[in-house]
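Here's the structure we're looking at; comments come further down.
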Amino acid sequence: MDITIGIRDVAGAVNISVDMTTDEINNLVTDVLTNHKPLVLTSSDNETVFVPADALGYVQVSGASQRRVGFGFA
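For the sequence shown, this note's numbering assigns the number 11 to the initial residue and increments by one for each residue that follows.
Encoded structure:
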């Protein structure tokens, strides 16, 4: 899944691809916000991102883009 994290008072966003389901991400973000602990995500490339709960502006989850092969005629 591709995740875009908006951080308060920062113009840019953090983009990360993770090997998690939408439900796992939703549960993690809910737990982070409920318990005021940092959001910790490890990407598919083994990079780790830490975002303090109070700094979260938004979290957008989108399905991993599939690569097309061929000419793409439908």
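Just so you know, even glycine gets a beta-carbon here, dropped at the ideal spot from N, CA and C.
inquiry  = I need the DSSP call for Asp64, collapsed to helix, strand or coil.
reply    = DSSP, reduced to helix, strand and coil, places Asp64 within a helical segment of the structure shown.
ask   = If you follow the beta strand (DSSP E) that Thr32 is part of, which residue opens it and which one closes it?
value = Premise fails: Thr32 lies in the alpha helix (DSSP H), 32-45, not in any beta strand (DSSP E).
task = State the start and end residues of the unbroken beta strand (DSSP E) segment that holds Asp29.
result = No beta strand (DSSP E) contains Asp29, which DSSP labels as neither H nor E.
inquiry  = Pull the bridge partners of Gly16 from the DSSP assignment, please.
reply    = Ala23, Tyr68
ask   = Between the Cα of Thr9 and the Cα atoms of Val28, Pro62, Ser54, Thr31, which residue gives the shortest distance?
value = Here the chain covers residues 11 to 84 and nothing more, so residue 9 does not appear.
C-beta atoms of Ile10 and Val69 nearer than 7 Å = Because residue 10 is not part of the residues shown, which for the chain are 11 to 84, the question remains open.
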